[in-house]
Structure formats: structure tokens, C-alpha cells
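Trainee:
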Amino acid sequence: MVVSRDLQHEVEQFLFHEAELLENRRFEEWLELLTRDVIYWVPNIRDDSDISDEAMISYEGYDELRARTVRLRHPLNPTQKPPPRTRHFITNVSAEAGEGGELRVRCNLLVYVSKDGKVVHHPGTSEYRLREEDGSWRIASKKVYLITNDLPLTPLPIM
Amino acid sequence: MTTDVQTGIPDLIGESRVHRSIYTDPAIFELEMKRIFSRTWVFIGHESEVPHAGDYKTDTVAGQPIVMTRDEEGAVRVLFNRCRHRGAKVCNLPYGNSSTFSCLYHGWTFSNKGDLIAVPSRQLCPANFDPGNYPLVALPRVESYRGFVFGSLSAEGTPLEEHLGRATHYLDCLIDRSPEGEIQVCKPVKYSYPANWKLQIENYSDNIHARFTHEAAFAARRPIESGAVERYGAGSQQRSDLRMGINRVLSHGDSMTDYRGDRPQMAFAGRDPEYVSIMTEKYGAEQAQAIADMDIHVIIYPNLLMHSAYCHYRVIKPVSVDQTVIVGYPFKLKGAPTELNEAFVQASSEHISASGAVQVDDMEAFARVQEGLAVEQDEWVSYVYGIEEPQVPNEYGEIELGMMTEVPALHQHREWLRLMSRD
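Here the protein sequences come in this chain order: A and B.
Position in the first sequence (from 1) plus 805 gives the number in this note's numbering.
Position in the second sequence (from 1) plus 1106 gives the number in this note's numbering.
#1: State the Cα-Cα distance for the pair G1478 (chain B) and A1168 (chain B), rounded to the nearest angstrom.
#2: If we ignore side chains and look at the alpha-carbon of each, how far apart do S1361 (chain B) and V1421 (chain B) end up?
#3: Under the assumption that V910 (chain A) contacts L951 (chain A) (Cβ atoms under 8 Å), give the Cβ distance between them as a whole number of angstroms.
#4: Quick one: list the residues of chain B neighbouring L836 (chain A), beta-carbon separation under 9 Å, in chain order.
#5: Sorted by chain position, which residues of the same chain lie with C-beta nearer than 6 Å to A1273 (chain B)'s C-beta, five sequence neighbours on each side aside?
#6: Closer than 8 Å between beta carbons: that is the criterion. Which residues of the segment 837–864 of chain A meet it against chain B?
#7: Taking N1302 (chain B) as the reference, which of B:E1470, B:V1490, B:T1113 has the closest Cα?
#8: Hey, L958 (chain A) and A1460 (chain B): beta-carbon distance below 8 Å or not?
#9: Please tell me whether E1197 (chain B) has its Cβ less than 8 Å away from any Cβ of chain A.
#10: Taking a cut of 9 Å between CB atoms, which residues from the segment 868–900 of chain A lie near chain B?
#11: Which parts of the segment 837–908 of chain A are runs of the alpha helix (DSSP H), unbroken and 4 residues or longer, counting only runs that do not cross its ends?
#12: Which bits of chain A does T1319 (chain B) rub up against, with CB to CB less than 8 Å?
#13: Okay, do the segment 1160–1179 of chain B and the segment 1190–1198 of chain B touch, 3+ Cβ pairs below 8 Å being the bar?
#14: Against chain A, with Cβ distances strictly below 8 Å, would G1434 (chain B) count as a contact?
#15: Return the bridge partner residues of N1234 (chain B) from the DSSP annotation.
#16: In the structure shown, what three-state DSSP assignment does A1261 (chain B) receive?
#17: For V1431 (chain B), which residues in chain A fall below 8 Å Cβ to Cβ?
#18: Enumerate in chain order the residues of its own chain whose CB-to-CB distance from Q1395 (chain B) is below 7 Å, with the five nearest sequence positions on each side excluded.
#19: Please state the DSSP three-state secondary structure of P1436 (chain B).
#20: Would you say D939 (chain A) lies against chain B (beta-carbon separation less than 8 Å)?
#21: In whole angstroms, give me the CA-to-CA distance for T1206 (chain B) and F1216 (chain B).
#22: Any idea if C1541 (chain B) is buried or exposed, counting beta-carbon neighbours within 10 angstroms, 16 or more meaning buried?
#23: Do T884 (chain A) and D1401 (chain B) have their CB atoms nearer than 8 Å?
#24: Quick one: does P1294 (chain B) have its CB under 8 Å from some CB of chain A?
#25: Using the Cα positions of K1293 (chain B) and N1447 (chain B), report the straight-line distance between them to the nearest angstrom.
#26: Please report the distance separating the alpha-carbon of M1509 (chain B) from that of F819 (chain A).
#27: Could you pull out every unbroken alpha helix (DSSP H) segment of at least 4 residues lying fully inside the segment 1385–1414 of chain B, listed in chain order?
#28: Is A1224 (chain B) near L1185 (chain B), with beta carbons less than 8 Å apart?
#29: For L1245 (chain B), report the span of its alpha helix (DSSP H) as first-last.
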């Protein structure tokens, strides 16, 4: 079921806000957008790959993501000197009611990463489950289907 | 230095230094493809990637397309993926199952043994046209050791087991962590870095860099691969000095590192009581615990890196002098508890993924080395750590060394020189 125009607008603003936090390295604020049971998942090779049986590009819960932000901030992290610069482009947003009051959101995603004098791009689709907690939308799961997930990848930022 | 590549090779490898051009000169890279990757045994894949008749995977060896198939009789074959007619690749999916390969261009169809079994418009071919003369070309030599398939593009050479020598013992150690003595290889992750392939194989025996390159990964709370930590606990506090372990130099550039309890966080299998109990039935308590705790790296030159604690191996694929692809395959231990195998898959994929915590640091180091080696005024790369340690072979012919040593890398360069010096 398609959501109302207001809700569609609210979802789009939420996604733009998330992108802005990631682009501006406001990682701690980004963590606040996540539920404690969040799963951040970047499947490998094919979109419906099986976590129990196939290597994953990413399959992280809240604690792993928090550790990741600690690493990103660490003064001796060699991958962040200088930090890559990113831009997240989000289009084709659709939202529908999911289970238990959650929203199921899909959008196309194109992340540009500038590093070492080169720009690489990571095109794909994101699929979210958004849950309302304390009056705000939170990310309960985020799956990123890269159309390049069968290719050798260069280091990926948080998508 | 102007490289007269053919004659200048011996001058590039010193006792404790190597010339920068082995990482930067495209002509040397081309020669490596001919004299190393087209000559010695290179790792192709594991038989469990093609478990059933008709299963195949496509890949490359020395930059050339191949297909590894299991034929209807159950034999694993490695064929060049190239139509005998006009040259198109006949198999164009990464994995699949098919008893035949039909060329998309003119329809020549080959069995998965490589026989040409159908030629459309045959009446237009010469009267003496014989399909028997056009099978897919097989790799000149293919042999396997306990499921690990190696190939050589050279018809001549030492048989695989003789070439591997003592490395077979460490392959046994890794495989025999499976209660059934067999592994099941999973679909891999792939990443690429903008630097020479040898930087990765040298790095895998280098235990000196970790405290510098990976400091941030170790410093973060629950730093790496924490799904396994959640399930099995972190073990005792991770040591940062890595001084209990040892290195052993084997033959032909191969080596191994035994971390011997230096990395309890990573060696989580020993904290799975069900797994330890299964292994105890087979080996007795003491040996079972040692097998379960095993934390070794094994390097089989030039392209296979193995990791016992996370149960994965990585295959090095040189693309050009300054571009390399690494394909990382988690593997499961047949007969081990399902949960443990799932933890291996998850931990290894986090460890070796382009989105993970550890390998990305190394990729950064490789890129910076490649950039630095552009300096022509400073021609030599130096190795200093551990080089005065006595190198006395033990009863197995292994040279046992301390943890902090650059000697295994020097042995890789000696094998490089041996292979590169022959026409």
C-alpha cells in the first residue's frame, strides 16, 4: 500500500538527512538513527545471498557499526588519512507499510567516493525497514544491493 | 635503471634488499606472467566449488580465462575458456551447472570434458573437417592435493606433491580441522588494490606491521569480527606484541606462521565445546584442543594464502604491475557444528571484505608503498628485521624463525629469482 504524500515526504527527508550525516562524517549522530537490533547488510555476488553459506561484503549489527565509527575516528587509522570524501545520491524512493507499524522503503543509491586522486562510484539499491521509536523513525535494517557486488571492490564507506 | 629485463634479473634481488623495479616495471610484470604464473604450480580452486557433475566455475590463470568443471564421470577438469573456432569465451557465467558449453558466436558446442560435440552447418566445412581436432584446450598440467586443485601452464615440471613438499603437512593441518577431513568452500568476496601483487604475499608473513597499520582496528572496542566474539567470547585479552608465535620457511617461497595463542580473540573455534568434543573423540582431549585452537597462516607461493582461525583462503590475482585482485573464500569444516561454520563464514568475510576492518588497512599500505616506489633516486627496498637470526633447517627442512622477521619475504624473492631466471 502506497503511503500518504506527507509520509512519503517525511521518508525522503529522513533518507536525505541520513546521507548528510554520513557525508559530513557525523557518525555518532548517524548511529542514533539506528535501532539497537539493526542489521546493516551488503550482500555479496547476488542480492539474495545466504549469510550462513556465503561470504558477505557487510553484515553488521549495532555493536559492529559502533566499532566501525570508533575506527573511523581513530587518529591512527591509515584509511582515514586523509578521509575519503563521499556523496550519497538517492532517487526513486518508494515507501509502503510493513509489518508491525514499520515502513518498507526502497531507493536507488549512488555513492561517489573521492580518494587518492580518483573517484569511484558504487551504484545500487537500498532497502530499509524503518521503525518508529520515541517519535522518530529509526533504521531497523538496511540492505544495500550493489550492482557491482560481483566485482572486485575498493574500500566501501558506510553506504 | 634501464631494464634490460632478460639479463638484469639476478641484479634485482639482493641478500636483504630488492630493486624497486620488481614492483613498478611493466616489462617485469609481463615476464612474471610468463615465468611464474604460466610455469610454476598455481592454485586454481577447490573441488568443493564444483561438487556435482556438470558444475563449473570460470576464472583466470595468468590473466587467461579458464573453466573448472566436474565432468559426468566426476573428474575435475581445468580447460581454457576459449572456443577453438574464432576464440570467444564459451562459458560466460561465474558459476553454474551444464554438461555442455555452446559458443554464442557460431554455435560450436563442447562437452564439459572439452570434446567438440556439435558444429552447426557442418556440410559447409571441408570434407576432411574432424571435430576431434578441436577440443577445448586443457591446462597442460592439473593435479590436486586433498581437493586443492593446482594447475600449470607448462607441460614440463615437478609433480605437484613434490613441489609442495612440506607445505602439504600444513594443508593437512588445515583440512584435518574438519572432523570429516574435508572442507566445503563458500562463495568468495573480491577486492582490488592499486599496487603490485607481491606486496600482499609479503604482507601475509609480516607480523611487524600489525601494531602500526591495524592499530585503529585493534583499538576499537570489540574491534573485529565481533559476531564470533559475541558467540564464543573474546578469549583472554588480545596481546599486542605478538611474541609467542613463530614463522617457518618451507620450500619454493612457501612459509607459515604459527601464532601459538597470540591471538585468542581470532582463534575462537577452541571455545566451541561441541566442536572440541567432536574432535576429542577422534584425537583425544589434548590434541583436539590444539587443533581447535590452531591459529596459523600458510603461504603457498605464488598465489594462495590460508588462514586457519577464520577458515578462509585468499587467492592473489595479479592484474597489472600496479593493480591486484584478491579473492577471499571462507570455507567450512565438514562435520563441525553448523553454528561454528556460520561464525567462520561471517568472521572471515568481515575480515577480508572491502567493507571490513582489517584488510582495508593493508590495502592502504600497499597503495602507499606503490606510490612511494615511484621515487627513482631511491632504488632499493630494504629488509632488516630478523635477518641475522640463524637459518638452520630442522628435521623437516623448515627454517624456524621468530615472530618478528622479514626473512620469509626474502625467501619469496629467492623463489621469484629462481623462476624468473630460467628461460
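Glycine included, each C-beta is placed from N, C-alpha and C at the ideal position.
Given the structure is predicted, the values throughout are model-derived calculations rather than measurements.
Mentor: The structure says:
#1: Taking the second sequence and counting its residues from 1, the one referred to as residue 1478 (chain B) is at position 372. Taking the second sequence and counting its residues from 1, the one referred to as residue 1168 (chain B) is at position 62. Approximately 26 Å between the Cα atoms of the pair.
#2: Here residue 1361 (chain B) refers to the residue found at position 255 of the second sequence. Here residue 1421 (chain B) refers to the residue found at position 315 of the second sequence. In this model, S1361 (chain B) and V1421 (chain B) are separated by some 16 Å (Cα to Cα).
#3: Position 105 of the first sequence, counting from 1, holds the residue named residue 910 (chain A). Position 146 of the first sequence, counting from 1, holds the residue named residue 951 (chain A). That pair is no contact at about 18 Å.
#4: Within the first sequence, residue 836 (chain A) is the residue found at index 31, counting from 1. Per Cβ cutoff of 9 Å: no residues; L836 (chain A) is ~13 Å from chain B at best.
#5: Reading the second sequence from its first residue, position 167 is the one you call residue 1273 (chain B). Excluding its 5 nearest sequence neighbours in each direction, A1273 (chain B) has C-beta neighbours in its own chain below 6 Å: L1356, D1360, I1406, listed in chain order.
#6: Taken in chain order, the members of the segment 837–864 of chain A whose beta-carbon sits within less than 8 Å of a beta-carbon on chain B are V847, N849, I850, S854, I856, S857, D858, E859, A860, M861, I862, S863, Y864.
#7: As a working note, residue 1302 (chain B) is residue 196 in the second sequence. Of the candidates B:E1470, B:V1490, B:T1113, the one whose C-alpha sits nearest the C-alpha of N1302 (chain B) is B:E1470.
#8: Counting from 1 along the first sequence, the entry for residue 958 (chain A) is found at position 153. Counting from 1 along the second sequence, the entry for residue 1460 (chain B) is found at position 354. Yes, Cβ-Cβ distance for L958 (chain A) and A1460 (chain B) is below 8 Å.
#9: In the second sequence, counting from the first residue as 1, residue 1197 (chain B) sits at position 91. It is worth fixing the name first, because residue 1197 (chain B) is Cys in this sequence and not Glu. Chain A, which has no Cβ nearer than 8 Å to the Cβ of C1197 (chain B), makes this no.
#10: If the cut-off is 9 Å between Cβ atoms, the segment 868–900 of chain A has D868, E869, R871, A872, R873, T874, V875, R876, L877, R878, H879, P880, L881, N882, P883, T884, Q885, K886 near chain B.
#11: For the segment 837–908 of chain A, the continuous alpha helix (DSSP H) assignments of 4+ residues that do not extend past its boundaries occur at 867–878, in sequence order.
#12: On the second sequence, position 213 is the one that residue 1319 (chain B) refers to. The contact set of T1319 (chain B) on chain A, defined by CB atoms closer than 8 Å, consists of P883 in chain order.
#13: Using a Cβ-Cβ distance cut-off of 8 Å, the segment 1160–1179 of chain B and the segment 1190–1198 of chain B are in contact, since at least three pairs of beta carbons, one from each stretch, lie closer than that value.
#14: Taking the second sequence and counting its residues from 1, one reaches residue 1434 (chain B) at position 328. Chain A, which has a Cβ nearer than 8 Å to the Cβ of G1434 (chain B), makes this yes.
#15: In the second sequence, residue 1234 (chain B) corresponds to position 128, counting from 1. Paired residues: none, contrary to the question.
#16: The count along the second sequence starts at 1 and reaches residue 1261 (chain B) at position 155. Coil.
#17: Reading the second sequence from its first residue, position 325 is the one you call residue 1431 (chain B). In chain order: P957.
#18: Along the second sequence, one-based indexing puts residue 1395 (chain B) at 289. The answer, listed in chain order, is G1376, V1382.
#19: Stepping through the second sequence from its first residue, residue 1436 (chain B) is reached at position 330. Under the three-state reduction of DSSP output, P1436 (chain B) falls in the strand class.
#20: Taking the first sequence and counting its residues from 1, one reaches residue 939 (chain A) at position 134. No - not a single Cβ of chain B is within 8 Å of the one on D939 (chain A).
#21: Taking the second sequence and counting its residues from 1, the one referred to as residue 1206 (chain B) is at position 100. Taking the second sequence and counting its residues from 1, the one referred to as residue 1216 (chain B) is at position 110. Using only the alpha carbons, I get a separation of about 5 Å.
#22: Lying outside 1107 to 1529, the shown extent of chain B, residue 1541 (chain B) is not represented and no answer is given.
#23: Within the first sequence, numbered from 1, the residue matching residue 884 (chain A) stands at position 79. Within the second sequence, numbered from 1, the residue matching residue 1401 (chain B) stands at position 295. No. Outside cutoff.
#24: By 1-based counting over the second sequence, the position of residue 1294 (chain B) is 188. Closer than 8 Å to the CB of P1294 (chain B) there is at least one CB belonging to chain A.
#25: The sequence position of residue 1293 (chain B) within the second sequence is 187, counting from 1. The sequence position of residue 1447 (chain B) within the second sequence is 341, counting from 1. For K1293 (chain B) and N1447 (chain B), the distance between alpha carbons rounds to 14 Å.
#26: As a first step, residue 1509 (chain B) is located in the second sequence; it is residue number 403 there, counting from the start. As a first step, residue 819 (chain A) is located in the first sequence; it is residue number 14 there, counting from the start. Roughly 50 Å between the two C-alpha positions.
#27: With a minimum length of 4 residues, the continuous alpha helix (DSSP H) runs that stay inside the segment 1385–1414 of chain B are 1391–1399.
#28: Stepping through the second sequence from its first residue, residue 1224 (chain B) is reached at position 118. Stepping through the second sequence from its first residue, residue 1185 (chain B) is reached at position 79. Taking 8 Å as the Cβ cut-off, A1224 (chain B) and L1185 (chain B) do not qualify as a contacting pair.
#29: By one-based count along the second sequence, residue 1245 (chain B) stands at place 139. In the DSSP annotation of this structure, L1245 (chain B) is not part of any alpha helix (DSSP H), being labelled neither H nor E.
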